[in-house]
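Reading the sequence shown from the start, the letters are residues 1411 to 1653 in our numbering.
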Amino acid sequence: MKLTCTSLILLSAASSFADADSLSFADTDTFELVQQSSLEQCFPSSIPWVNYKGNDYIFSREQYNSVCVDNKGKQYEWGAIQGVYPSIATKGGGCSNFCVKDYGRAEAKGCSSSQRPNPNKLVGFDYDCDKATCYCLYEKDTLSSKYDKCFDSMDRSNKGSGDIARTTTKQGTTCYSLQIQPSDPQPRTPTRKPTKKPSPTPRGQSICVRSPDYKCYKSGRPQCCSKNNGKDCPKEMTMCDNH
């Protein structure tokens, strides 16, 4: 049996009320707890890290019922992978692994892991539980027709760029942002030679693109993130303002 977000909520609710004649769906507190638990099954907060070519790809859940957007509110171009059922927190499976590496159906169509889009252009994914579909999100101008075999469908019209900065509402879908870090960082060797070109900031290192913390911050993130695109923020998280 293939479970979707809606069926998980209904099944969990039925189980909770089956042996409780004195309760009904009017008991909103109990139903909300059941619904929250079912949302967690569809959209788990803890996703296994994906290790690939010397990097760890770490995905963080953002708001329920949302899609990822950049700091200008633009959505990202995507490649869709269908038939990914809960739980997407399965090690070696789920959206995280499929978006970074590959999945069997793409291999069968002739898209090997080496032919997939550059995973460093990946910014995260949106997951639609009811459609059991992962939408692997990329910076603008990453996808092209040469990746047709790598996904079940693609949308190259969106122009989002840079790290995921926030979300916009979309019922039934949840945004997962991405942070990339070296799997085994090597100590730097002191050198007097000037660096020819500064290394790009790894994906998701800014405090403004980490998972929002509404218990600590009124807006989910430090106030400095709303000014100058967060460029003036420190590397460490600032004091909470949600008292």
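All C-beta atoms, glycine included, are put in the ideal place defined by N, C-alpha and C.
Buried or exposed by the 16-neighbour rule on C-beta atoms within 10 Å, applied to residue i
i: CYS1650; result: exposed
i: SER1432; result: In this prediction, SER1432 scores a pLDDT of 41, lower than 50, which makes its location untrustworthy; the coordinate-derived value is nonetheless stated afterwards. Per the 10 Å Cβ criterion, exposed.
i: SER1524; result: exposed
i: TYR1545; result: buried
i: TYR1467; result: buried
i: THR1438; result: Because THR1438 carries a pLDDT of 48, less than 50, the predicted location of this residue cannot be relied on, and no value is offered for it.
i: SER1554; result: exposed
Cut-off 7 Å between Cβ atoms - residues of its own chain near residue i, not counting five sequence neighbours on either side
i: LEU1443; result: Any reading at LEU1443 must be qualified, since the residue scores a pLDDT of 42, below 50, and its modelled position is unreliable; no value is offered.
i: LYS1580; result: ASN1475, SER1476, VAL1477
i: ASP1562; result: ALA1490, ILE1491, GLN1492
i: ASN1507; result: VAL1460
i: LYS1501; result: PRO1458
i: VAL1619; result: ASP1573, ILE1574, ALA1575, SER1587
Nonlocal neighbours in the same chain, by C-beta distance under 6 Å from residue i, ignoring five residues either side
i: GLN1504; result: In the sequence under discussion, the amino acid at residue 1504 is Gly, which differs from the Gln named in the question. Correct list, in chain order: ILE1498.
i: CYS1560; result: ALA1516, CYS1521, ARG1526
i: GLY1534; result: CYS1478, LEU1547, ILE1574, TYR1586, SER1587, LEU1588
Whole-Å CB distance - residue i paired with residue j, under 8 Å assumed
i: THR1583; j: ASP1538; result: 5 Å
i: TYR1548; j: LEU1532; result: 6 Å
i: VAL1494; j: THR1543; result: 7 Å
Sequence-distant residues of the same chain with beta carbon closer than 8 Å to residue i, five excluded per side
i: ARG1471; result: PHE1453, PRO1454, SER1455, ILE1457, THR1584, CYS1585, TYR1586, SER1621
i: GLY1464; result: PRO1592, SER1593, ASP1594
Residue interval of the beta strand (DSSP E) (run including residue i)
i: ALA1518; result: Careful: ALA1518 lies outside any beta strand (DSSP E), inside the alpha helix (DSSP H) at 1514 to 1519.
i: GLY1572; result: Per DSSP, GLY1572 belongs to no beta strand (DSSP E) and is neither H nor E.
Endpoints, alpha helix (DSSP H) assigned at residue i
i: PHE1469; result: Element bounds for PHE1469: not the alpha helix (DSSP H) but the beta strand (DSSP E), 1465 to 1471.
i: SER1506; result: 1504 to 1510
Exercise. Does the segment 1553 to 1572 touch the segment 1476 to 1492, meaning 3 or more C-beta pairs lie closer than 8 Å?
Worked result: yes
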